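The letter at position 12 of the sequence shown is residue 198 when you use my numbering, and the numbering goes up by one with no holes. I have placed the structure first, in the form of structure tokens, so that the comments after it can refer back to it.
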Amino acid sequence: AITLAGEESRVATTLAPNSLEARRARAFILEITDNREQAVQEYQTAIAINGNIADLHLALGRTYRALGVLDKAIAEFTLANTLNPSDPTPALYTSRAYASVREDAKAAQYAEQAVKVAPTDPYLRGNWGVMLYRNLQWPEAIVQLSLAINGGVSEDDQPIKPLSLTGSDPRLTEYYFIYALVLARMNRCGEVLPVAQLILGSVPTDDIAVYNAQESMRICQNNLLTPSPIPQPSATPGITPTP
Numbered sequence: 187a188i189t190l191a192g193e194e195s196r197v198a199t200t201l202a203p204n205s206l207e208a209r210r211a212r213a214f215i216l217e218i219t220d221n222r223e224q225a226v227q228e229y230q231t232a233i234a235i236n237g238n239i240a241d242l243h244l245a246l247g248r249t250y251r252a253l254g255v256l257d258k259a260i261a262e263f264t265l266a267n268t269l270n271p272s273d274p275t276p277a278l279y280t281s282r283a284y285a286s287v288r289e290d291a292k293a294a295q296y297a298e299q300a301v302k303v304a305p306t307d308p309y310l311r312g313n314w315g316v317m318l319y320r321n322l323q324w325p326e327a328i329v330q331l332s333l334a335i336n337g338g339v340s341e342d343d344q345p346i347k348p349l350s351l352t353g354s355d356p357r358l359t360e361y362y363f364i365y366a367l368v369l370a371r372m373n374r375c376g377e378v379l380p381v382a383q384l385i386l387g388s389v390p391t392d393d394i395a396v397y398n399a400q401e402s403m404r405i406c407q408n409n410l411l412t413p414s415p416i417p418q419p420s421a422t423p424g425i426t427p428t429p
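If you want it as structure tokens, here you go:
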């Protein structure tokens, strides 16, 4: 089906080379089939036809990021945000781009910006929590990850619905195991076991998640054997996937 769609999109751009929709469709097919250099060219052509469509800049930035060209990716995300400031996605993508090169302070800054645009979105809360964790801001990370996983209310008292762990989204799985880890590191071990058990039961084939769930329980077992004051954050954030 993808091969057929690819051929149809190629024919469409041949028949209508100045069609924005044909160029966009062709670019998307190339992107999802890992022909990213060609996808960049098609997205650029579409933007040359109309440069005021935020989603095109977002898609081009996404493709640049997949190619590892982070400066151009961030520039496109910034343009997308300028064109559509009510969409939190550009800030979300920017936070992940910075996280991928361990510019953690900037990653947290843009993660927070995304939350400010959509404060009731639990997915954005989880992303911010992960970035705070990487910045060793553990108490603040717990607040945001708890809102993502347990739900709650936003700063202006709007409801935030919890995210369910299904195993279909690696990002969401990361929110859960980072939450278990940071709770353990802050010696809030009464809250760790239910989260760790949920991870082990829901995503038993995810090696990274299982390792971190077990690590959180190991930390708590050590805390029971050798009680100590609440530890201060240190640069030992456990194993996490590449953003």
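We treat Cβ as the ideally placed atom computed from N, Cα and C, and that holds for glycine. Since the structure is predicted, the reported quantities are computational estimates derived from the model, not experimental observations.
Could you tell me the distance, in whole angstroms, from the CA atom of residue i to the CA atom of residue j?
i, j, result
"L253", "E223", "8 Å"
"L269", "E377", "42 Å"
"D343", "L216", "43 Å"
"F214", "A225", "7 Å"
"A202", "A211", "No answer about A202 holds up, because its pLDDT of 48 lies below 50 and its placement is not dependable."
"A297", "T412", "36 Å"
"E228", "T249", "11 Å"
"R209", "T231", "7 Å"
"M317", "V339", "20 Å"
"G387", "V287", "32 Å"
"G337", "P305", "12 Å"
"A366", "L206", "46 Å"
"I346", "K292", "25 Å"
"R374", "A294", "23 Å"
"L278", "Y397", "27 Å"
By DSSP, does residue i sit in helix, in strand, or in coil?
i, result
"P325", "helix"
"V339", "strand"
"P380", "helix"
"P345", "strand"
"N236", "coil"
"G387", "helix"
"D290", "helix"
"T264", "helix"
"S272", "coil"
"V226", "helix"
"S281", "helix"
"S350", "coil"
"T219", "coil"
Between which two residues does the alpha helix (DSSP H) containing residue i stretch?
i, result
"A395", "393 to 411"
"R248", "240 to 252"
"M317", "308 to 320"
"A304", "No alpha helix (DSSP H) contains A304, which DSSP labels as neither H nor E."
"V368", "356 to 371"
"R374", "Here R374 belongs to no alpha helix (DSSP H), and DSSP marks it neither H nor E."
With a threshold of 16 other CB atoms inside 10 Å of the CB of residue i, please say whether the residue is buried or exposed.
i, result
"G301", "Looking at the sequence shown, residue 301 is not Gly but Val. V301 should be labelled buried."
"G237", "exposed"
"T280", "buried"
"N408", "exposed"
"L410", "exposed"
"D355", "exposed"
"Y319", "buried"
"I218", "exposed"
"A234", "exposed"
"P308", "buried"
"P274", "buried"
Take residue i and list the residues in its own chain whose beta-carbon comes closer than 6 Å to its own, dropping the five residues that flank it on each side.
i, result
"R251", "A259, A283"
"Y362", "L351, I385"
"M403", "A382"
"E262", "H243, L246, G247"
"L256", "A283"
"I405", "A370"
For residue i, which residues from the same chain have a beta carbon less than 7 Å from its beta carbon, with the 5 sequence-adjacent residues on both sides left out?
i, result
"T359", "L351, G353, V389, D392, A395"
"A266", "A240, H243, L244, G247, P276"
Output needed for residue i: all residues of its chain with C-beta closer than 8 Å, excluding positions within five of it in sequence on either side, in chain order.
i, result
"P325", "M372"
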